[in-house]
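First to last, the protein sequences are chains A and B. Using the working numbering, the letters of the first sequence map in sequence onto residues 1 to 421. Using the working numbering, the letters of the second sequence map in sequence onto residues 1001 to 1421. For glycine and all other residues, C-beta sits at the position ideal for the given N, C-alpha and C.
2 protein chains.
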Amino acid sequence: MELSEVLPKYWYNIVPDLPRPLPPPRDPKGAEFSRIELLNKIMPKEVLRQQFTTERFVKIPEDVRDRYLQIGRPTPLMRAKRLEEYLDTPAKIYFKFEGATPTGSHKINTAIPQAYFAYEEGVDHVVTETGAGQWGTAVALAASMYGLRSTIFMVKVSYEHKPMRRVIMQLYGGQVYPSPSDKTNFGRKILSENPSNTGSLGIAMSEAIEYALEHGYRYLVGSVLDVVLLHQSVIGLEAMNQFSAIGEEPDVLVGCVGGGSNFAGFTYPFIGAKIGSRYIAVGSAEVPKFSKGEYRYDFPDTAGLLPMVKMLTLGKDYVPPSIYAGGLRYHGVAPTLSLLLEDKVVEWREYSEREIFEAAKIFAETQGIVPAPESAHAIKAVIDLAREAKKNKERITIAFNLSGHGLLDLTNYQDMMVRYS
Amino acid sequence: MELSEVLPKYWYNIVPDLPRPLPPPRDPKGAEFSRIELLNKIMPKEVLRQQFTTERFVKIPEDVRDRYLQIGRPTPLMRAKRLEEYLDTPAKIYFKFEGATPTGSHKINTAIPQAYFAYEEGVDHVVTETGAGQWGTAVALAASMYGLRSTIFMVKVSYEHKPMRRVIMQLYGGQVYPSPSDKTNFGRKILSENPSNTGSLGIAMSEAIEYALEHGYRYLVGSVLDVVLLHQSVIGLEAMNQFSAIGEEPDVLVGCVGGGSNFAGFTYPFIGAKIGSRYIAVGSAEVPKFSKGEYRYDFPDTAGLLPMVKMLTLGKDYVPPSIYAGGLRYHGVAPTLSLLLEDKVVEWREYSEREIFEAAKIFAETQGIVPAPESAHAIKAVIDLAREAKKNKERITIAFNLSGHGLLDLTNYQDMMVRYS
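Written out as structure tokens, the structure reads:
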């Protein structure tokens, strides 16, 4: 099969296939301004249209497909044979390797179409916020691919202590400001109150939105929203084609959950096609949103600037502990995934940092790939499933999404090695 | 074409196809011990046999082919379309991306067969030295793939200041010692003379060889020797299959040169098959071995423990400046490549650090991949060639080997950004 045949022509939208209607986003009662109206002003129009579409399949623009090919899509679907041997399991284990893209994670899959739709509108500048830098890196690259300028507000504590992500964004031509910054009214206000404020994702997002609004730029969003999950479906659609080419079908599909976009991107096409019988979302035991979260309307962002959505949440003001899998510290779960968890279509597991460190080490030694600490959560679940399959003598096929590599997380592993070895 | 069809069944050895016989390795006159005899004691027997073979094609063991597939070989051959557009050149530019393997460079291509041949002999432990860590990482992974233990002597200054490479070796299960260490007589002697000695590649190699000898382990070698170049030919052989599948043929082939193994691995199969008309080796202007080196017998290693070979060399005691492309600081050029340079079959170019930094930035912005600083030398040559093609209105096809990605070199880029921006 040619690469361009593996790459889908349409993204898949699970909204029309949900077991019941998705509760719509809404503005908070008595709000002083409309968040939904705000989205209209800052997001590329086509992105916003896709955010609210109920079409099952949304065409991927040819130009976006070309860029997907340029960044190395389709990513490989690999069999983890040596992990199987190590576990001495009758289960087959496959993984989709999103770390094979140049920015090292799945984030680029939505950054490219969002940048494209901004470019198509004639806008020449995109803006976003980033915590550890994974999303900002994807935006900087996607912007450079369309000749757009990019401005990224990076949480100051990361800007100062995780400079490598900043360097890669700058190599891609991105303008990176530590947030709070003096580039926005909001940033200046924070700084005047406390010049040594080290920032937060909420502050950075507020700055990015203000900056986009003031200059007429477009704001790009990295996770949680339906449109992001839609774009990420390229992962699962490719995997379906790849499984079909080798005559296999997965029984169990596994992914880690930060906001939910890599998990949804990988599993939703299989759920929609009724392939597989179990779908397992994996989170951090230190950020227990599956076991302790409530299903209710909440803000998807800590700044409270986006419309409220109904989701599983620990509360927008929840302060997560400082775990190494920074991408899993998010307080909520994407609305469609929350609904599927409520309705038991999707199962969940939570693992501690010590457990996922051990799983990461086993995976590195057997498969040679250092996984992102976030992805190591999925690996831990897969190891447990494969051991259960051995106990039950089940010849099942397990597939998981390796959402990113860990080459930019080696300082984290160094610390974990000291802590857990 | 199936992946396993792209992957060759034989490695290619250029020795029988050289324009004249390769001057043989030899012991220094009046040596107190035979270096050739030493190789017999520490290298896996089949590796040594391959080092001295004059067969044109050497069979790749099926098991090694399987491992090649497991680490993601064949690596992609990609067209650098956006770089072409940026340069507005009539030339087509292709690159082979060796950074797609899990250790991020081509080094794994020879680590796997060397570990395999050690394993086949019934040895359960391999030893090597490493400077910045690229080679040690490949050995640690290859060893783990065969269930072997690995011990890596890492130059102390790198061990202390470049801890990320140490962490990745440890994640692969490698035992890493800072060298000079207290694990060998040689290391203890050095330390007793100067406890704060920060080490050198020569010291680390001496320790690795002593350690292998004393314990009956096998020593693995990372570059320069003919057998390493033989194993690296998998790069060029795959590329030939990939070019053939798309109905293209490169006119000019380009690679950077540290010891010469990635350049040779990429270009030799094309030279042997008489495909292409120009082969361009690229070095660092700060380590001017092409322009200032002499073609004479010299030690390939700074410790003087290996047999002397006839090669282009700045002298084994040459002290290179501290450039960011650590892999290009080597004092010599592999014997076969030296001969091909002498006989003008291969051309050379040398570029300054400032020039290659600019090239790396252009490549990152256009193609989205941060190249290793070593590989950025090849990119700079390609950019110049494409500009010359524009001037001369030549519709040529240029191909280069992107020997590694730069995600573990971001601190280097950060420093270069400050220095050259």
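Subject >> Selection of the segment 363 to 387 of chain A by Cβ proximity to chain B, strictly under 9 Å >> reply: For the segment 363 to 387 of chain A, residues whose beta-carbon sits nearer than 9 Å to a beta-carbon of chain B comprise Ala-364, Glu-365, Thr-366, Gln-367, Gly-368, Ile-369, Val-370.
**OP:** Closer than 7 Å by beta-carbon distance: list the chain A residues that pair up with B:Pro-1076, in chain order.
**Re:** By 1-based counting over the second sequence, the position of residue 1076 of chain B is 76. Simply Gly-72.
Original post:
Less than 9 Å separating the beta-carbons of B:Ile-1323 and B:Val-1370?
Top reply: Taking the first residue of the second sequence as 1, we reach residue 1323 of chain B at position 323. Taking the first residue of the second sequence as 1, we reach residue 1370 of chain B at position 370. Their beta carbons are not under 9 Å apart, which means B:Ile-1323 does not touch B:Val-1370 by this criterion.
Original post:
If you measure from the beta carbon of B:Ser-1004 to each beta carbon in chain A, is any gap under 9 Å?
Top reply: Here residue 1004 of chain B corresponds to residue number 4 of the second sequence, with the count starting at 1. Chain A places no beta carbon closer than 9 Å to that of B:Ser-1004, leaving this residue out of the contacts.
**OP:** Flag this pair as yes or no: are the beta carbons of B:Ala-1100 and A:Ala-100 separated by less than 9 Å?
**Re:** Sequence index remark: in the second sequence, residue 1100 of chain B carries index 100 (1-based). Sequence index remark: in the first sequence, residue 100 of chain A carries index 100 (1-based). Going by C-beta atoms, B:Ala-1100 is nearer than 9 Å to A:Ala-100.
Subject >> Neighbouring residues, chain A, relative to B:Tyr-1413 (Cβ below 7 Å) >> reply: Your numbering for residue 1413 of chain B matches position 413 in the second sequence. Chain A residues near B:Tyr-1413: Val-167, Leu-171.
Original post:
Rounded to whole angstroms, how far is the Cβ of A:Gln-232 from the Cβ of A:Asn-40, which I believe are closer than 8 Å?
Top reply: Taking the first sequence and counting its residues from 1, the one referred to as residue 232 of chain A is at position 232. Taking the first sequence and counting its residues from 1, the one referred to as residue 40 of chain A is at position 40. A:Gln-232 to A:Asn-40, Cβ: 23 Å. No contact.
Original post:
Helix, strand or coil for B:Ile-1369 per DSSP?
Top reply: Looking up residue 1369 of chain B in the second sequence gives position 369. Reduced to three states, the DSSP call for B:Ile-1369 is coil.
**OP:** Determine contact between the segment 1124 to 1144 of chain B and the segment 1073 to 1085 of chain B, defined as no fewer than three beta-carbon pairs at a distance below 8 Å.
**Re:** Three or more beta-carbon pairs separated by less than 8 Å are not found between the segment 1124 to 1144 of chain B and the segment 1073 to 1085 of chain B, which leaves the two stretches without contact.
Subject >> 8 Å CB neighbourhood of B:Gln-1175 in its chain, flanking five on each side removed >> reply: Taking the first residue of the second sequence as position 1, residue 1175 of chain B is located at position 175. Result list for B:Gln-1175: Arg-1149, Ser-1150, Thr-1151, Ile-1152, in chain order.
Subject >> Within chain A, partners of B:Gly-1104 - CB distance below 8 Å >> reply: Taking the first residue of the second sequence as position 1, residue 1104 of chain B is located at position 104. Around B:Gly-1104, the beta-carbon contacts reaching into chain A at under 8 Å are Leu-407.
Original post:
Near A:Asn-412, which residues of its chain fall below 7 Å by C-beta distance, leaving aside the five closest residues on each side in sequence?
Top reply: As a working note, residue 412 of chain A is residue 412 in the first sequence. Closer than 7 Å at the Cβ level, and outside the excluded window around A:Asn-412, lie Tyr-324, Pro-373.
Original post:
Is it true that the segment 217 to 236 of chain A meets the segment 252 to 266 of chain A, where meeting means three or more beta-carbon pairs spaced less than 8 Å apart?
Top reply: With the rule of 3 Cβ pairs closer than 8 Å, the segment 217 to 236 of chain A counts as touching the segment 252 to 266 of chain A.
**OP:** Using the Cα positions of A:Pro-321 and A:Gly-283, report the straight-line distance between them to the nearest angstrom.
**Re:** Position 321 of the first sequence, counting from 1, holds the residue named residue 321 of chain A. Position 283 of the first sequence, counting from 1, holds the residue named residue 283 of chain A. Note on geometry: alpha-carbon atoms of A:Pro-321 and A:Gly-283 lie some 14 Å from one another.
Original post:
Does A:Arg-149 get closer than 9 Å to chain B when you measure Cβ to Cβ?
Top reply: On the first sequence, residue 149 of chain A is found 149 positions in, with the first residue counted as 1. Taking 9 Å as the CB threshold, A:Arg-149 stays off the interface with chain B.
**OP:** Give the interface partners of A:Ala-100 over in chain B, defined as CB-CB distance under 7 Å, in chain order.
**Re:** Residue 100 of chain A sits at position 100 when you count from the first residue of the first sequence. Residues of chain B whose Cβ lies closer than 7 Å to the Cβ of A:Ala-100 are, in chain order, Ala-1100.
Subject >> Span of the alpha helix (DSSP H) around A:Glu-84 >> reply: Stepping through the first sequence from its first residue, residue 84 of chain A is reached at position 84. Following the DSSP letters along the chain, one finds A:Glu-84 inside the alpha helix (DSSP H) bounded by residues 81 to 87.
**OP:** Examine chain B for any beta-carbon lying closer than 9 Å to the beta-carbon of A:Arg-188, and answer yes or no.
**Re:** For the purposes of this step, residue 188 of chain A is taken as residue 188 along the first sequence, with counting starting at 1. Output row for A:Arg-188: interface = no.
Original post:
So, do the segment 56 to 65 of chain A and the segment 10 to 17 of chain A have three or more beta carbon pairs nearer to each other than 8 Å?
Top reply: Contact holds between the segment 56 to 65 of chain A and the segment 10 to 17 of chain A, because three or more Cβ pairs, one in each stretch, are under 8 Å apart.
Original post:
Using DSSP with H/G/I as helix, E/B as strand and the rest coil, what is A:Ser-158?
Top reply: For the purposes of this step, residue 158 of chain A is identified with residue 158 of the first sequence, where counting begins at 1. The answer is helix: DSSP assigns A:Ser-158 an H, G or I state.
**OP:** Have a look at A:Ala-381, A:His-215, A:Tyr-297, A:Gly-304 and flag the residue whose alpha-carbon is nearest the alpha-carbon of A:Lys-310.
**Re:** Within the first sequence, the letter at position 310 stands for residue 310 of chain A. With respect to the C-alpha of A:Lys-310, the residue from A:Ala-381, A:His-215, A:Tyr-297, A:Gly-304 having the closest C-alpha is A:Tyr-297.
Original post:
Within 10 angstroms of its Cβ, does A:Val-155 collect 16 or more other Cβ (buried), or is it exposed?
Top reply: Position 155 of the first sequence holds residue 155 of chain A. Result: buried.
Original post:
How would you write the range of the beta strand (DSSP E) that B:Met-1043 sits in, first residue to last?
Top reply: Position 43 of the second sequence, counted from the start, is the residue given in the question as residue 1043 of chain B. Element bounds for B:Met-1043: n/a, residue is neither H nor E.
Original post:
The alpha helix (DSSP H) with A:Asp-298 in it runs from where to where?
Top reply: On the first sequence, position 298 is the one that residue 298 of chain A refers to. Looking at the DSSP string, A:Asp-298 is not in any alpha helix (DSSP H); the run it does join, the beta strand (DSSP E), is 294 to 298.
Original post:
In whole angstroms, what separates the C-alpha of B:Gln-1170 from that of A:Met-308?
Top reply: As a first step, residue 1170 of chain B must be located in the second sequence, where it is residue number 170. As a first step, residue 308 of chain A must be located in the first sequence, where it is residue number 308. Distance between the alpha carbons of B:Gln-1170 and A:Met-308 is about 45 Å.
**OP:** Please name the residue, chosen from A:Glu-353, A:Gln-367, A:Pro-8, A:Glu-394, that lies closest to A:Val-418 on a Cα-to-Cα basis.
**Re:** Against the first sequence, residue 418 of chain A aligns to sequence position 418. Residue A:Glu-353 is the option with its Cα nearest to A:Val-418.
**OP:** Grab the span of the alpha helix (DSSP H) containing B:His-1125 for me, first residue to last.
**Re:** Reading the second sequence from its first residue, position 125 is the one you call residue 1125 of chain B. Taken as a continuous stretch (DSSP letters only), B:His-1125 belongs to no alpha helix (DSSP H), being part of the beta strand (DSSP E) at 1125 to 1130.
Subject >> Given 8 Å, three or more beta-carbon pairs between the segment 128 to 135 of chain A and the segment 1004 to 1011 of chain B >> reply: Result no; under three Cβ-Cβ pairs closer than 8 Å.
Original post:
Which two residues bound the contiguous alpha helix (DSSP H) that contains A:Pro-268?
Top reply: Reading the first sequence from its first residue, position 268 is the one you call residue 268 of chain A. Note that residue 268 of chain A corresponds to Tyr in the displayed sequence, not to Pro. Note, A:Tyr-268: alpha helix (DSSP H), 261 to 272.
Original post:
DSSP puts A:Glu-350 in a beta bridge; with which residues?
Top reply: On the first sequence, position 350 is the one that residue 350 of chain A refers to. Partner(s): A:Gly-283.
**OP:** Give me whichever residues DSSP pairs with B:Gln-1175 in a beta bridge.
**Re:** The count along the second sequence starts at 1 and reaches residue 1175 of chain B at position 175. The partner list for B:Gln-1175 (beta bridge, DSSP) reads B:Thr-1151.
Original post:
Any beta-carbon of chain B closer than 9 Å to the one on A:Pro-24?
Top reply: Looking up residue 24 of chain A in the first sequence gives position 24. For A:Pro-24, the closest Cβ of chain B is not nearer than 9 Å.
**OP:** Would you tell me roughly how many angstroms separate the C-alpha atoms of B:Ile-1429 and B:Ile-1356, rounded to the nearest one?
**Re:** Any question about residue 1429 of chain B goes unanswered here, given that chain B covers just 1001 to 1421.
Original post:
If the cut is a Cβ gap below 7 Å, which residues of chain B does A:Ser-144 touch?
Top reply: As a first step, residue 144 of chain A must be located in the first sequence, where it is residue number 144. Chain order gives the chain B residues near A:Ser-144 as Glu-1365, where near means a beta carbon separation below 7 Å.
Subject >> Cβ-Cβ separation, B:Asp-1251 to B:Thr-1397 (assumed contact under 8 Å), whole Å >> reply: Here residue 1397 of chain B corresponds to residue number 397 of the second sequence, with the count starting at 1. Here residue 1251 of chain B corresponds to residue number 251 of the second sequence, with the count starting at 1. Taking the Cβ atoms as the reference, B:Thr-1397 lies roughly 5 Å from B:Asp-1251, within the contact range of under 8 Å.
Original post:
For A:Ala-31, does the count of other Cβ atoms within 10 angstroms reach 16, so buried, or fall short, so exposed?
Top reply: Translated into positions along the first sequence, residue 31 of chain A becomes position 31. Burial is judged here by how many other beta carbons sit within 10 angstroms of a residue's own beta carbon; A:Ala-31 has fewer than 16 and is exposed.
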